[in-house]
Amino acid sequence: MSDKTKGQLLKEELFYKKKSAFELKSAEDLARAKAYAADYAAWLDASKTEREAVTASIALLEKAGYREYKLGEALAAGDNVYLNNRGKNLFVIHVGSEPIENGVRICAAHIDAPRIDLKQHPLYENDGFGYFKTHYYGGIRKYQWATIPLALHGVVTKADGTTVDVRIGDEAGDPVFCITDLLPHLAKDQNGRPLGSAFTGEGLNIVMATSPYIEEDGKVTPADEKTKLNVMIMLYEKYGITESDFMSAELSIVPAQNSVDVGLDRWLIGAYGHDDRVCSYPALTALMETKDSVHTNIAVLADKEETGSDGVSGMQCCLLVDLIDELAKNLNGNANVVRMNSKCLSADVTACYDPNYAEVFERRNSSLLHCGVGLSKYTGSGGKGGTNDTSAEYVAFVRKIFDDAGVIWQTAELGKVDQGGGGTVAKYISNQNIDTVDIGVPVLSMHAPFECISKSDLYEAHLAFTAFCK
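Okay, so the sequence shown: first residue is 118 according to this note's numbering, each after it adds one.
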């Protein structure tokens with residue numbers, strides 16, 4: 118017989134309290150979370166751009182028995198295929214055995230991340246310094262990118278149509294690049310500026326070299342722009358590119374550091390690109406683990422979310438709709454009915470409550486570290502502007518799936534109502550008459566060159582997406 122009072126028992130029954138993985142999971146479960154995190158970190162280090170994420174993901178898929186699919190090819194129950202959209206966007210499809218008009222289950226994440234891109238005419242020289250001019254991509258805080266080691270990643274398509282991959286700064290022995298900053302002794306004026314304007318977009322110039330080209334006789338070349346020439350010669354020798362080839366290139370500046378464990382207990386992963394590759398990887402592995410599901414499942418690894426999801430590789434492209442049309446046509450269903458009965462998890466990160474900045478969070482409705490994957494009924498800003506705002510019925514549907522599977526999950530908002538806001542791909546999918554809710558891993562220092570996530574929250578995301586796909 119319990120020695121608790123009726124009020125205490127009713128409180129336990131009626132109140133809700135978040136609990137962490139350390140309170141709810143066994144030692145074996147926690148060990149599995151750490152093992153899963155190690156595999157994720159290896160994939161993340163190979164995926165510093167969306168193109169690299171597609172390549173790394175295809176390698177995993179083909180190892181798991183998936184084959185490449187192209188629009189127009191036949192699809193049948195039991196097929197496990199992937200569609201590679203221009204090397205920057207990936208659709209992974211398992212065709213289930215149940216009627217297609219029951220709908221498709223979609224996990225939609227994005228593989229682009231805030232970074233610094235090169236302009237189309239990037240290379241110039243100033244007082245003996247060879248620089249790259251840049252145009253930042255997505256919502257970065259510019260000051261965070263100064264004085265850290267940077268790497269150059271991307272592709273260059275030359276005039277003859279051949280494409281070369283560029284990756285400098287990650288391998289042992291590679292040089293790295295940087296954006297310089299003022300010494301504190303001369304930063305009086307800079308210190309007086311607001312944080313958001315202390316650095317400008319046009320000031321994010323990358324130091325590429327500081328030495329002139331030396332002629333065969335050992336003397337400095339008499340040519341103008343000596344350091345620029347030296348940079349261009351080195352790039353030509355390594356990649357066979359000329360300055361005009363920058364006009365048909367996609368080159369990005371990303372942090373040179375790979376993922377590391379954070380904290381003496383090693384329960385956090387610090388890395389570049391958790392937003393949103395920390396949801397892309399669980400979406401991918403969940404589909405691979407449920408490739409015999411009766412449901413037809415699609416994992417979408419999209420591009421361009423950080424700049425509005427526009428373009429042929431973004432979530433506003435009609436390709437997802439085209440795929441559903443193809444599935445309906447091949448499996449004798451009405452595509453409109455398929456969409457109406459489909460369900461989606463918009464797999465994107467959420468802001469993790471940070472005690473260092475408690476003033477911008479409303480703790481009761483914030484995601485807490487190690488307390489599982491975060492479910493955001495709505496995103497947007499201010500008065501829910503630009504949000505999907507999922508129905509209560511669909512939240513309850515997803516909630517039951519997670520609870521039945523023993524997934525640790527929590528509700529989450531981005532922060533206090535009038536502090537700012539943000540959005541995801543959810544509204545673009547729900548606009549196609551598909552029930553959609555945001556589910557994602559809580560992130561500390563979101564959009565920084567070095568973000569932190571919990572290994573346990575990462576693993577709960579994998580379990581959540583797997584339960585959804587089953």
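C-beta atoms are modelled at their ideal positions from N, C-alpha and C, and glycine is treated no differently.
Along the chain, where does the beta strand (DSSP E) that runs through residue i open and close?
{"i": "Tyr463", "result": "One detail in the question is off: residue 463 reads as Ser in this sequence, not Tyr. Residues Lys460 to Ala464."}
{"i": "Pro239", "result": "Arg232 to Asn243"}
{"i": "Met325", "result": "Ile323 to Ala326"}
{"i": "Asn446", "result": "For the sequence presented, residue 446 should be read as Lys rather than Asn. From DSSP, Lys446 is part of no beta strand (DSSP E) but of the alpha helix (DSSP H) over Leu436 to Asn447."}
{"i": "Phe280", "result": "As written in the sequence, residue 280 is Thr, which differs from the Phe given in the question. Note, Thr280: beta strand (DSSP E), Thr280 to Ile285."}
{"i": "Glu568", "result": "Glu568 to Ser571"}
{"i": "Ile415", "result": "Thr413 to Ala419"}
{"i": "Glu215", "result": "Neither: Glu215 is in no beta strand (DSSP E) and is coded neither H nor E."}
{"i": "Asn308", "result": "Premise fails: Asn308 lies in the alpha helix (DSSP H), Lys305 to Asn308, not in any beta strand (DSSP E)."}
{"i": "Leu269", "result": "Leu267 to Thr274"}
Assuming residue i and residue j form a contact by the criterion Cβ under 8 Å, report the distance between their Cβ atoms to the nearest whole angstrom.
{"i": "Met432", "j": "Ala225", "result": "7 Å"}
{"i": "Leu418", "j": "Ala170", "result": "7 Å"}
{"i": "Lys408", "j": "His211", "result": "5 Å"}
{"i": "Thr344", "j": "Thr359", "result": "With 8 Å as the limit, Thr344 and Thr359 do not qualify as a contact, their Cβ atoms being about 17 Å apart."}
{"i": "His412", "j": "Gly256", "result": "Incorrect: roughly 35 Å between the Cβ atoms, too far for contact."}
{"i": "Lys572", "j": "Lys151", "result": "6 Å"}
{"i": "Trp160", "j": "Tyr356", "result": "Not a contact, Cβ separation roughly 26 Å."}
{"i": "Ile323", "j": "Ile296", "result": "6 Å"}
{"i": "Asn202", "j": "Leu437", "result": "Not a contact, Cβ separation roughly 10 Å."}
Measure the CB-CB distance between residue i and residue j and report whether it falls below 7 Å.
{"i": "Glu530", "j": "Asn453", "result": "no"}
{"i": "Val379", "j": "Leu385", "result": "yes"}
{"i": "Arg222", "j": "Asn414", "result": "yes"}
{"i": "Ile518", "j": "Ala464", "result": "no"}
{"i": "Phe582", "j": "Ala400", "result": "yes"}
{"i": "Gly497", "j": "Gly557", "result": "no"}
{"i": "Glu422", "j": "Asp555", "result": "no"}
{"i": "Ser369", "j": "Thr166", "result": "yes"}
{"i": "Pro329", "j": "Asn308", "result": "no"}
{"i": "Val590", "j": "Cys469", "result": "This structure does not reach residue 590, given that the chain is present from 118 up to 587, and the question cannot be answered."}
{"i": "Val515", "j": "Leu580", "result": "no"}
{"i": "Ala373", "j": "Gly286", "result": "yes"}
{"i": "Ser426", "j": "Val273", "result": "no"}
{"i": "Leu177", "j": "Tyr186", "result": "no"}
{"i": "Pro239", "j": "Phe363", "result": "yes"}
{"i": "Ala268", "j": "Val395", "result": "no"}
{"i": "Asn206", "j": "Asp420", "result": "yes"}
{"i": "Gly503", "j": "Trp526", "result": "no"}
{"i": "Thr264", "j": "Asp298", "result": "yes"}
{"i": "Val512", "j": "Gly220", "result": "no"}
{"i": "Pro266", "j": "Val293", "result": "yes"}
Do you know whose CA, among the options, lies nearest residue i's CA?
{"i": "Lys501", "options": "Lys142, Asp471, Gly540 and Lys517", "result": "Gly540"}
{"i": "Glu406", "options": "Tyr545, Ala173 and Lys587", "result": "Lys587"}
{"i": "Asp471", "options": "Asn548, Met563 and Ala173", "result": "Met563"}
{"i": "Glu568", "options": "Ala289, Cys488, Asn375 and Ala304", "result": "Asn375"}
{"i": "Ala366", "options": "Ala152, Pro329, Gln261 and Lys275", "result": "Lys275"}
{"i": "Thr528", "options": "Ser484, Thr280, Leu188 and Asp334", "result": "Ser484"}
{"i": "His227", "options": "Glu179, Ala522, Ile358 and Val466", "result": "Val466"}
{"i": "Gly320", "options": "Lys259, Lys142, Ser369 and Lys460", "result": "Lys259"}
{"i": "Asp282", "options": "Gly204, Gln261 and Gly313", "result": "Gly204"}
{"i": "Leu575", "options": "His487, Lys544, Val542 and Phe363", "result": "His487"}
{"i": "Ala163", "options": "Ser508, Gly390 and Arg480", "result": "Gly390"}
{"i": "Glu218", "options": "Lys460, Glu354 and Asn206", "result": "Lys460"}
{"i": "Tyr80", "options": "Gln536, Gly489 and Val371", "result": "Because the chain in this structure spans residues 118 to 587, residue 80 falls outside the shown range and cannot be described."}
{"i": "Gly499", "options": "Gly335, Ser397 and Gly538", "result": "Gly538"}
{"i": "Asp234", "options": "Ile265, Gly220 and His270", "result": "His270"}
{"i": "Gly532", "options": "Leu299, Gly489, Arg480 and Ala513", "result": "Arg480"}
{"i": "Arg168", "options": "Ser430, Gly489, Leu462 and Thr507", "result": "Ser430"}
{"i": "Pro566", "options": "Asp392, Ser119, Ala144 and Glu130", "result": "Asp392"}
{"i": "Trp262", "options": "Glu476, Gly318, Ala148 and Ile546", "result": "Gly318"}
{"i": "Ala522", "options": "Ile546, Ala578 and Tyr545", "result": "Ala578"}
{"i": "Pro216", "options": "Val477, Ala181, Gly450 and Thr297", "result": "Gly450"}
{"i": "Met325", "options": "Asp291, Gly335 and Leu300", "result": "Asp291"}
{"i": "Pro231", "options": "Glu476, Phe478, Asp520 and Thr424", "result": "Thr424"}
{"i": "Ala193", "options": "Leu448, Ile570 and Gly182", "result": "Leu448"}
{"i": "Val198", "options": "Glu130, Ala416, Lys142 and Asp520", "result": "Ala416"}
Starting from residue i and walking both ways along the alpha helix (DSSP H), at which residues does that stretch end?
{"i": "Pro399", "result": "His391 to Glu406"}
{"i": "Thr317", "result": "Run containing Thr317: none; DSSP gives neither H nor E here."}
{"i": "Arg222", "result": "Taken as a continuous stretch (DSSP letters only), Arg222 belongs to no alpha helix (DSSP H), being part of the beta strand (DSSP E) at Val221 to His227."}
{"i": "Gly387", "result": "Per DSSP, Gly387 belongs to no alpha helix (DSSP H); it is in the beta strand (DSSP E), Leu385 to Ala388."}
{"i": "Leu131", "result": "Lys123 to Leu131"}
{"i": "Asp146", "result": "Ala144 to Asp162"}
{"i": "Thr172", "result": "Glu167 to Lys180"}
{"i": "Tyr545", "result": "Ala543 to Ser547"}
{"i": "Leu192", "result": "Unbroken run through Leu192: none, as it is neither H nor E."}
Discussion item. Between the segment 231–250 and the segment 433–441, can you find at least three pairs of beta-carbon atoms closer than 8 Å?
Written reply: Three or more beta-carbon pairs separated by less than 8 Å are not found between the segment 433–441 and the segment 231–250, which leaves the two stretches without contact.
Worksheet item: Touch check for the segment 133–140 and the segment 546–561: three-plus C-beta pairs under 8 Å?
Response: No, the segment 133–140 is not in contact with the segment 546–561.
Worksheet item: Do the segment 252–262 and the segment 332–345 make contact, defined as three or more Cβ pairs closer than 8 Å?
Response: At 8 Å Cβ cutoff, the stretches do not touch.
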